[in-house]
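Data first, discussion second: the structure below is written as structure tokens.
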Amino acid sequence: MIKEYYHATVIDTTLNVVNSRIESVRSKNITKTSLRVYKDQRIGVAGAIGSYKEDELLKEAMEALDRGIDYPVAPSSQLTMTQDLRKPLIAPQDLVTEFGQLLESLRELQPNYIFSNKMSLSERSNILYNDAGLKLEYADRTISAGLIFKEKSSTSVFDGAVGFRERKYDRKLILDEFNLILNAYSEKVSLPPNGRYPVVFLTEDAPVGKFITGLKADVLAKGGSLFSEKIGQRLFNEAFTFGQCLDPQEVYLSPFFDAEGVVNNGYTYNLIEDGVIKAPYCDKKTAHKFGFAPSGSAAAAYDGVPQTALLHPTIKKCGKSLKELLGGQTGIFVMMAAGGDFTPQGEYATPVQVALLTDGERLLGRLPEFNLSSHVYDMFGQGFRGVTDRTFLPFSGDSMAVLEMNIAAP
Amino acid sequence: MYTFQKGFYTDVRIEEFYETTITYTLGQLDESKIRKYKAAFIRVFDGSLWYYAATSDVDQVQNELDKLYGSARPNPDIDNHPVVRAFEVHQDNKLCYVESGVDRVPKAEKEKLLQSFFPILNAQPALKMWKAIYIDAKKIMTLYTSKGTQLTYDTQRAGYALRMNFSEGEKKLSESYQQATDTFEGLRKDTEPLQEHIQKCIDFMTHAVPVKPGKYTVILSPLAAGIFAHESFGHKSESDFMVGDETMIKEWAIGKKVGSDILSIVDCGTIPGSGYVPYDDEGTKARENYLIKDGILTGRLHSTSTAALLQEGLTGNARAINFEFEPIVRMTTTYIKPGSQTKEELIEGVEQGFLIETVNHGSGLSTFTMAPSLAYRIENGKVVEPVNISVISGTVFETLSLIDGLSNELKLLSFVTGGCGKMEQYPLPVGFGGPYVRVRSMMVQ
């Protein structure tokens, strides 16, 4: 029998902002523990929030073995790795003062807007170890804001959002970034005629939902996916590489290993490589069942059995700037496109609530609402231009994806 | 119970949670667990800032409280603060799910219920992949406040969801079938509705055609109407977006005409099911709140804080997803009141349009959206063929004014998967529903 522990600790100080002022301070320090036992190709799991009694948790996990949940693979073993990315940031007790000053500056610089929602100092620590020689440790700390904004004259519930999550803090650069976006938002520009244009997304917001549903191993293996029986086929642009990335330099507050302790080479696993579907994503048990390689894509509740989940999907960067990818055209930077989806056959459509026009170096103004459409084989095929290394935003380190898509006035 | 310091408003919310989750994939057991915990969320208000702490150790509540008091500044006049004055005070013990508690049902019975669907799921060659999920959850809440509230009440839901992936050659469809209510005994356990739904899905997958984008008349099923009520208007009725915002206060003046004359939308926390909360997480008693009555803006949803700041009455809508979060303004069970026509009469009145039966998800901003799954084209008053639609959308006020027909049946729905999301707090159990609703024009893509 192998015993395995997973401790996940969340330490957060979160400020709630109402009407551009701090309304509340929330402190959280919660550790969740998972104890897994592996025996006779079965798994038993018990979980605890906060403190627990070792013998009781073990008894519970042992009893869970009798539930008959198969686990016909060996737990991860013989690997020790540590990544501690915590750097000194603002002390929790200074957060109200610092963010209070940031908001005061924002009120002065952008007097036509109301801001609300959360600003946080967040710390995570994840430790996974077992008696088969596995010990993986991760710790991280970030500072973040996710502020929704609204013009004072607007009758909408809110008009858009500005924010950041970084391992650094620079009030001036944050204000520069917010000003860049809000000044552009204040400047209305006309929608170009209906047609095909380069559309820009922050890479984390790119519409990759079809890959998440369609490249799930069990669905793909059983023929339920648009991509079933297409492994090895070039269906997308040669420059398009898509997969999972847990590289600590790229991903915040999320460990470099999955819930089963799988660590991928370079922390990445490509599902689509140079336009060719290479593999689905799966946990170890699903991989075993359908004859795939595990992709390190297991997630688990603190008291749950690991299950398949794509962790931090990403598109490979191409080394070009946004200006280069736009190739002299103006691009449509989508800031908010809520509610759209793919049909089962891969057609995609969504209304775009907030978009800014950009020449690749500047934001030129706000477009009226419009509808966006394409097809998964087009937007990531002929229409795929690439992903920048970073943005032109002063503070945030995100990258941007450029896809040619069809826009139409509503 | 606890020592509440003078000069502050304080409340302590203790959550005792029980949940069963059972999951099978293609008949193989993937998950079978019972989650139990007891934890607390604590709030201290000094008239200037709120201070919150979450703890999983209920024996440490007093220590956590004392830490929060140390961060706040005592306010001798706190009892006269408008928000503190507005808090309701109740002493009540309202445990409705003692005898019918899901914690009293053996897990084997829950597994057996899911297993009863396996033969049907396995019988269809076109059904390539399926997952069967059973979830129940019971929560006993205890609330103490420095104003004297002492409440204990319970909420409960139970249900199952069958997620299915169909395929026939290049044709694909992902659909689900879900039943949920407030007790295990009350769950529908017969298999005929599932069989019918599977046949409907296969027919849809085989015959669905692409939609020609444009503006059309749309008829929403009770499920779609409920999502519409929730997304299009419910979120706009959450008054935390209005606090300190003069434009919104004027724009959303009570008494304003906001929809067609036949439209009434209600939010109510007393309806058993996934939106049931007899008291909210601040101890305000649930009640029926009309948001729109006969097309007129009649009310909105409040926490104690927003009600006091906007000088309106309490509604019982301060809710948190669990002990780790503070209560914010949320919906409970939101629905459109039924009308007088039959579903068939609504369809007969459509020259070119669509019937939306099931929906994958929705969103609600200035433009609200729904992503349909099963949808059908209507031509000259008849349903003629299934269609693949990515999204239907509209602007809220325009769409509410374009409702010209409501069927005479009200269907209220509960859920055990998914839930409502608002900023960081997801998923919150809610209920919604309505009759069949006809909208004269919506964007269909």
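Chains as they are written, first to last, in the working numbering: chain E, 26 to 435; chain P, 6 to 450. We put the CB at the ideal spot given by N, CA and C, even for glycine.
The C-beta of THR8 of chain P has fewer than 16 other C-beta atoms within 10 Å across all chains shown, which makes the residue exposed. LYS310 of chain E and LYS247 of chain E have their C-alpha atoms spaced approximately 16 Å apart. The beta carbon of PHE203 of chain E sits closer than 6 Å to the beta carbons of VAL187 from its chain, once the five residues preceding and following it are set aside; these are given in chain order.
Interface criterion not met: the Cβ of VAL421 of chain P is under 8 Å from no Cβ in chain E.
The closest CA to that of ASP250 of chain P, considering only E:PRO319, E:VAL43 and E:HIS400, is found on E:VAL43.
Contact annotation: GLY410 of chain P and GLY354 of chain P have beta-carbon atoms nearer than 8 Å. Taking 8 Å as the CB threshold, SER61 of chain P lines the interface with chain E.
Residue pairing by DSSP places ALA363 of chain E in no beta bridge whatsoever. Interface with chain E (8 Å Cβ-Cβ cutoff): ALA376 of chain P is included.
With a cutoff of 8 Å on beta-carbon distance, ALA157 of chain E and LEU381 of chain E are scored as not near each other. Neighbours of PHE358 of chain E in chain P, taken as residues at a C-beta separation under 9 Å, are lacking, since the least C-beta distance is about 18 Å. The beta carbon of GLN66 of chain E lies closer than 7 Å to those of ASP95, TYR96 and PRO97 in the same chain, with the five residues before and after it left out.
The C-beta distance from PHE124 of chain E to ILE47 of chain E rounds to 6 Å, short enough to meet the 8 Å contact threshold. Put simply, the backbone Cα of LYS53 of chain E is about 47 Å away from that of PRO217 of chain E. For ALA229 of chain P, the enclosing alpha helix (DSSP H) begins and ends at 227-233. A contact between stretches requires three or more CB pairs, one per stretch, nearer than 8 Å, and the segment 18-34 of chain P fails this requirement with the segment 73-88 of chain P. At least one beta carbon of chain E lies nearer than 8 Å to the beta carbon of ASN393 of chain P. Note on the segment 35-123 of chain E: whole beta strand (DSSP E) runs with a minimum of 3 residues are 46-64, 67-74 and 104-109, in chain order. For GLU403 of chain P, the enclosing alpha helix (DSSP H) covers residues 401-406. Closer than 8 Å at the C-beta level to chain E, one finds these residues of the segment 34-56 of chain P: LEU34, ASP35, GLU36, SER37, LYS38, ARG40, TYR42, ALA44, LEU54, TRP55 and TYR56. A distance below 8 Å separates the beta carbons of TYR57 of chain P and SER49 of chain E.
At a Cβ-Cβ threshold of 8 Å, GLY268 of chain E and THR293 of chain E count as neighbours. Excluding sequence positions up to five before and after LYS348 of chain P, its CB lies within less than 6 Å of the CB of SER412 and TYR441, all in the same chain and listed in chain order.
The C-alpha of GLY185 of chain E is placed about 16 Å away from the C-alpha of ARG132 of chain E. Going by C-alpha positions, GLY364 of chain E is about 18 Å away from ILE357 of chain E. With fewer than 16 other beta carbons inside 10 angstroms of its own, GLU254 of chain E counts as exposed. Chain E has no Cβ within less than 8 Å of the Cβ of HIS202 of chain P. Under DSSP, GLN184 of chain P shares a beta bridge with P:TYR165. DSSP places ARG196 of chain E in the uninterrupted alpha helix (DSSP H) bounded by 196-211.
Inside the segment 281-368 of chain E, DSSP marks whole alpha helix (DSSP H) runs of 4 or more residues at positions 309-315 and 347-351, from first to last along the chain. Of all residues in the segment 323-334 of chain E, those with a C-beta nearer than 7 Å to a C-beta of chain P are ASP328, GLY329, VAL330 and GLN332, reading in chain order. Taking every protein chain shown into account, the CB of ILE259 of chain P has fewer than 16 other CB atoms within 10 angstroms, so this residue is exposed. Contact annotation: the segment 172-191 of chain P touches the segment 92-111 of chain P, with at least three C-beta pairs closer than 8 Å. When beta bridges are read from the DSSP output, ARG149 of chain E appears opposite E:VAL35 and E:ASP165. With respect to the 8 Å criterion, GLY344 of chain P and ILE270 of chain P are not classified as neighbours on the basis of their beta carbons. Under the criterion of beta carbons closer than 8 Å, VAL377 of chain E and PHE395 of chain E qualify as touching, at roughly 5 Å.
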